[in-house]
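Residue numbers for the sequence shown follow my numbering, so the first one is 2 and each next one is one higher. Glycine included, every Cβ here is placed at the ideal spot set by N, Cα and C. The structure presented is a predicted model; accordingly, all values stated were derived computationally and were not measured. Report on one structure; see the data block that follows.
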Amino acid sequence: IYITEAVKLRALALYSVITTVASIFCLGAAMLIYLRTGDAGFLYNDSLSDAIGKQSVYFALMINIAIFSYGYLLVKQYLSRTASRMAVAAICFLVIIHFMLASRMEIIFLYSTAILYTMYHFFIKKKNRKTGFIMIGAMVACALVFMLLFPKTINRFNELGYPQYNMHSDAAESHYNMKLTAEQWNGFNIRLAIWNCAWPLIESQPLMGTGLGDKDKDLQNQFVANDFKFGIRTNKNMHSTYLDVMSSMGIIGLLIFLAGFVLLPMRQSVQAKDLIGILILVDLSLSFLTETYPDRSMGNVLLGFFVAFICCYKGQSNRARKDTGQTARPGSAKILYRPVATTSNR
2 IYITEAVKLR ALALYSVITT VASIFCLGAA MLIYLRTGDA GFLYNDSLSD AIGKQSVYFA
62 LMINIAIFSY GYLLVKQYLS RTASRMAVAA ICFLVIIHFM LASRMEIIFL YSTAILYTMY
122 HFFIKKKNRK TGFIMIGAMV ACALVFMLLF PKTINRFNEL GYPQYNMHSD AAESHYNMKL
182 TAEQWNGFNI RLAIWNCAWP LIESQPLMGT GLGDKDKDLQ NQFVANDFKF GIRTNKNMHS
242 TYLDVMSSMG IIGLLIFLAG FVLLPMRQSV QAKDLIGILI LVDLSLSFLT ETYPDRSMGN
302 VLLGFFVAFI CCYKGQSNRA RKDTGQTARP GSAKILYRPV ATTSNR
């Protein structure tokens with residue numbers, strides 16, 4: 002089953018609009034709690050996405066994809082003038098919400114992608130260095146403004162400066178809404194401790210793994226063996242999709258996973274010249290480093306839907322373009338898309 006260019010564009014547009022509406026709802030709900038309590042912490046991270054019952058890391062990835070989709074539709078000039086203005090406004094809003102969700106991996110990927118695209122578009126394609134430097138400077142200025150307006154997000158990045166940990170410590174976990182100290186567990190050193198416990202588990206059965214039904218129990222046993230008190234108390238998972246797959250299904254399972262969910266879909270996107278598909282796959286692949294997607298229902302939904310969506314698009318063939326006399330823009334959707342002049346072969 003394959004989807005056409007028009008279906009793909011409508012799906013991206015609809016997804017982006019729904020994600021924008023969900024973001025508005027989350028911000029409204031968080032603002033009500035903030036006005037009632039006076040605690041600005043409710044405007045950040047998991048508290049911000051709590052209204053829709055999703056973890057901030059997954060919602061941040063969804064917003065990333067929505068921003069990429071809006072940008073793709075704008076750059077390719079698929080949108081009408083009115084829709085383009087709405088898309089630009091939505092991007093500006095989503096960038097702010099995205100920063101407040103404070104997902105480090107997604108923030109780094111979004112800004113890195115924006116800077117790389119700007120460098121390619123203005124420095125290489127358009128040969129306009131002046132405009133390129135202005136655009137990059139504007140993005141840096143926006144980032145600095147966000148850092149001043151939303152300091153609690155920066156607190157999440159400050160955790161990266163505290164990688165050291167005491168495996169036997171049962172100290173409290175740091176929070177973006179509290180002072181960060183070296184004695185606390187934080188999002189960075191927790192993962193380092195978990196991966197330190199997980200590696201002997203992987204080494205014990207490297208080819209086939211411990212089995213899907215045993216990996217969680219075996220990880221907890223490793224916590225006990227290493228006297229990882231915090232991990233035992235909080236029942237942490239692997240916090241890495243790659244390590245999770247390798248521990249449960251071994252190197253063989255990891256290779257199958259990479260082939261089915263990363264490499265083959267990526268080859269499909271490259272062959273179809275599907276830029277948005279490539280961006281989504283790279284984003285997912287990076288997210289797999291620090292989150293266990295198969296352990297969360299939302300992770301499975303995102304992974305299953307977007308990989309299938311990407312694989313179902315084969316690109317627009319040259320024959321189809323010749324037969325229809327159209328460019329890649331589908332002129333039939335005149336409300337959403339900019340009409341394109343066509344020529345008849347009859």
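In this structure, M247 and L255 form a Cβ contact; the two beta carbons are roughly 5 angstroms apart against a cut-off of 8 angstroms. Taking a C-beta distance under 8 angstroms as the contact criterion, A88 and L111 do not qualify as a contact pair. A residue is called buried when at least 16 other Cβ atoms come within 10 angstroms of its Cβ; M250 meets this threshold and is buried. Counted as a single uninterrupted DSSP element, the alpha helix (DSSP H) harbouring M250 occupies residues T242 to L259. Residue environment analysis places E184 among the exposed positions, since fewer than 16 neighbouring C-beta atoms fall within 10 angstroms of its C-beta. Counting along the chain, N46 sits inside the alpha helix (DSSP H) bounded by residues N46 to S50. For Y314, the three-state secondary structure derived from DSSP is strand.
Judged by their CB atoms, T242 and Y294 are nearer to each other than the 8 angstroms cut-off. Inside the region 147-176, DSSP marks whole alpha helix (DSSP H) runs of 4 or more residues at positions 152-159, from first to last along the chain. Excluding sequence positions up to five before and after C313, its CB lies within less than 8 angstroms of the CB of I2, Y3 and I4, all in the same chain and listed in chain order.
Its chain contains T119, M120, F123 and F124 as the residues whose beta carbon lies nearer than 7 angstroms to that of G133, once the 5 sequence neighbours on both sides are disregarded; these appear in chain order. The residue among D296, K180, L150 and G188 with its C-alpha nearest the C-alpha of Q165 is G188.
A residue is called buried once 16 or more other Cβ atoms fall within 10 Å of its Cβ, and F100 is buried on that count. A residue is called buried once 16 or more other Cβ atoms fall within 10 Å of its Cβ, and I19, having fewer, is exposed. Contact between the region 286-293 and the region 233-241 is present: three or more C-beta pairs spanning the two stretches fall below 8 angstroms.
Going by C-alpha positions, I203 is about 27 angstroms away from E160. Looking at the backbone, the Cα of K55 and that of K128 are separated by about 43 angstroms.
Contact annotation: I277 and L13 have beta-carbon atoms nearer than 8 angstroms. The alpha-carbon of L145 is positioned some 28 angstroms away from that of T38.
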